Amino acid sequence: MTIESREKRQPWILLSPALTAVTLLLIVPLLFIVVYSFWLRSAAGADTPGFYVDNWQKVLTDRFYRDILLNTLKIAAITTAVCAVMGYPAAYFIARSRGNKLILLVLLMLPFWISYIIRTMSWINILGISGALNSALLALGIISEPIQMLYNEVTVILGLVHFLLPFMVLNIYVSLEGIDTNLEDAANSLGATRWQSFIQVTLPLSLPGLAAGGLLCFVLGAGTYITPVILGGPRDAMFANLVFEAIIRQLNWPLGSALSLALLAVLGALVLIYNRYLGMAQLAKGLG
Amino acid sequence: MDNTTRYERLRERLQNGDLDRRKFLGLIGAAGAAYGLQTPFAKYANAQTVSQVRFDGWGGIVSEAFRKYAFDPYTAKTGVTVVDGTFPGGDEYLAQVRASQPGEYNIAHLSGVFDYARYHSFDLTSALNLDNIPNMSLVMPALTNAFAAVTPDSLSAVPYDYGSTGLAYNRKYISDEEMKEKGAKILIDAAHKGKIGGWSDWRTRVWYGALQTDQDPNHITDIEAVWDAVRQHRDLALKYWASGAELMSLLAEEEIHVTEGWSGRIYALQEQGHDIGYYDPPKGFGWQECLFVIKGSPMEACEELLNFMLDPATSIAVAEGQNYPPALDPTKVDLGAKIPTLPAFDPTGTLSGLTFADPGYWNGNEADWSETFSRVQRGY
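Quick note, the sequences are listed as chains A and B, same order. Heads up: the first sequence is residues 10 to 297, going by my numbering. Heads up: the second sequence is residues 24 to 403, going by my numbering.
Right, here's the structure in full:
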């Protein structure tokens, strides 16, 4: 074997465990889901195998699914915007802090050490009728009766922001860290105010990080189903809740497969658009 | 030798220096790979000695009672370990079982004859040898007959307890008189808007919708009226709860003042000192639970566990722990002092006072109603 051919094979040998895992754990199950989406659910008992487009027809033409999908995208967009507004100053502060950067980063990562469900449920103890906030307001005499704050769309968004904010901060932080601070100094020396140098130098250079954080927050937010279950009211639901209900509650695996593929297609398209214009490299930096 | 012992011996060799770390990890990895490869074929090896049985139930106080009064004593007596898992609802569990390999799940604490019928329709029933379960003779015939109607040739489960999904209300805000006067319609009473709860289960919503529109839940003639009632409830409700723990938390924290609830969980709240009333409205939702043995399970070990669990001493202790009356016939077995005080208890042993879901009727409408409920819940 020549050195050249060995060098050619080497990357594939190194990649083979990962490729095998991706094939077996992602691509093959995904193919099963594609096949399932063309089956039919029987009234009771086993599903009917075959090639039926009924589920796809329902998913693509039924207003119910379209409305829930749009609502899901709306909630994900609001969550992403809130995360960006809240996350940018935090990331900027961490990136520009001198001695305590490590402590701040550890504090940022701390929530990941606690289960997402527990973190979401903690809002019940904060915002509930007998929760910390109502108790404090009552004790201070600001209110005479507890306020009903939980179980609506706002608390769903709040829960999602709580979950996703660290992803946004980390991505923006990585981007800010890569900016040469001499550029800001140069802008200042040329007469720009600190605000102007931020708006015209730092912000544009950190936009890839903001976009990467935005993409992560949007995709993760749009795919969640636990938060509406715990913090939402009877009507509150996101598209993933419909997938859960179709597969788990209604035992309608074929419809659930079509729904999950529809969500995958929408979010996948978003990732492709991002990749086309910004590339995945920034996202990898943030995740790393 | 079981896997745990094998692992412990290997670890001991590593710690003693008889085995280097690389070899240790290699052996563990090889064992994992071997297990992964053999799992699909494990069903062909059921004749081997059974060292453990998997049991899945409803969690919370129910699982605690099972563990304390049944599984631990059973393991002490037989040496067979009971691995207990939990599920928040029967639908979720059935989805898991459908996706599993035969033998992966063994015994389940299922609710309702409709569930028994569903498992049968998915070809998940087994055939119990009742000669190995002599304590079955102590069970109320009314409960056994319901299962025998679905599988006349053999049983796949033994009845274990029963209860009801009645109305639970906070007496600080709702009097017993108001509850009796309004019955199921209290859940669509605008006077309690924002303080009403409900289970996110389509069957319960439809059942109570039928009661709210004065229809027989087992013979609904105007389903549109039922959906309208479900919509009314949805618009007045603060929250659909999804588990017994959430039900108890919402009532105890006074987030909600009224909801339908599981009789045993409400009794548990009362025992904790909360002033929560419980009322079974006429034609309230009664249900019977069973210990269902899933196809592919080690039958003899399961039958032994079922017989142990139906033993009056075990059965009464579990019933007192989980607050649901046992399936034992009160005309044959002295059930002690506490059980007759539990909600839904029937001293006659006939259960004629409870209304159960007709399995054929409810399962026949499942596909349509479960999907419609999903839409109605979201504002449609």
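Beta carbons are placed, not taken as given, at the ideal position from N, Cα and C, and that holds for glycine. Computed from a prediction, not measured in an experiment: that's the story for all the values here.
- Within the same chain, ASP107, GLY108, THR109, PHE110, TYR116, TYR128, ILE130, ALA131 and HIS132 come within 8 Å of ASP79(B) by CB-CB distance, once the 5 residues on both sides are set aside.
- Here PRO182(B) is not near ALA340(B), since their CB atoms are 7 Å or more apart.
- Beta-bridge analysis with DSSP links ALA191(B) to THR282(B) and TYR301(B).
- Counting the other Cβ atoms within 10 Å of the Cβ of GLY108(A) gives fewer than 16, which makes it exposed.
- Interface flag for TYR139(B) against chain A is unset, since no Cβ pair is found closer than 7 Å.
- As far as DSSP is concerned, VAL173(B) takes part in no beta bridge.
- Rounded to whole angstroms, the gap between the alpha carbons of PRO304(B) and SER286(B) is 12 Å.
- Bridge partners of GLU312(B) according to DSSP: SER134(B) and ASP184(B).
- Look at the region 171-196 of chain B: it has no residue with a C-beta under 8 Å from a C-beta of chain A.
- If you draw a 10 Å sphere on the C-beta of ILE22(A), you find fewer than 16 other C-beta atoms in it, and that means exposed.
- At a cut-off of 7 Å between beta-carbon atoms, ALA231(A) makes no contact with chain B.
- Here DSSP, grouped into helix, strand and coil, assigns GLY267(B) to helix.
- Under the DSSP assignment, THR109(B) falls outside any alpha helix (DSSP H), being part of the beta strand (DSSP E) whose first and last residues are 104-109.
- Shown here for LEU173(A): same chain residues with a beta carbon closer than 7 Å to its own, the five before and five after excluded, namely THR88, CYS92, CYS226, LEU229 and GLY230 in chain order.
- Look at GLY200(A): its C-beta is not under 7 Å from any C-beta on chain B.
- Scanning its chain for C-beta atoms nearer than 6 Å, with the 5 sequence neighbours on each side dropped, one finds no residue around PRO164(B).
- In the DSSP assignment, ARG77(B) falls within the unbroken beta strand (DSSP E) covering 75-80.
- Going by C-alpha positions, GLY189(B) is about 15 Å away from SER134(B).
- Residues of the same chain with a CB within less than 8 Å of the CB of LEU259(B), apart from the 5 flanking positions on each side, are LEU210, ILE211, ASP212, ALA213, HIS215, LYS216, GLY217 and ILE219 in chain order.
- Within the same chain, Cβ atoms closer than 8 Å to the Cβ of GLU201(B) are found at ILE209, the five residues on either side in sequence being excluded.
- Listed by position along chain B, the residues whose Cβ is nearer than 9 Å to that of ARG128(A) form an empty set, because the closest Cβ is around 17 Å away.
- LYS262(B) sits in a strand when the DSSP states are folded into three classes.
- Taking the beta carbon of VAL238(A) as reference, the chain B residues within 7 Å of it are ALA265, listed in sequence order.
- The three-state secondary structure of ASP199(B), taken from DSSP, is helix.
- Within 10 angstroms of the beta-carbon of GLY102(B) lie fewer than 16 other beta-carbons, which makes it exposed.
- Partner residues in a beta bridge of LEU146(A), as assigned by DSSP, do not exist.
- Note: TRP222(B) is bridge-paired with TRP264(B) in the DSSP secondary-structure output.
- Distance between THR337(B) and LEU270(A), taken at the CA atoms: about 48 Å.
- DSSP, reduced to helix, strand and coil, places VAL91(A) within a helical segment of the structure shown.
- For the C-beta of ILE138(A), the chain B residues within less than 7 Å are, from N- to C-terminus, GLU276, GLU277 and GLU278.
- With the rule of 3 Cβ pairs closer than 8 Å, the region 272-292 of chain B does not count as touching the region 242-255 of chain B.
- Secondary structure of THR57(A) (DSSP, three-state): strand.
- For the pair LEU117(A) and PRO175(A), the CB atoms are nearer than the 7 Å cut-off.
- Under the DSSP assignment, GLN157(A) falls outside any alpha helix (DSSP H); it carries neither an H nor an E label.
- Spanning the alpha carbons of ILE152(A) and TYR192(B) requires a straight line of approximately 26 Å.
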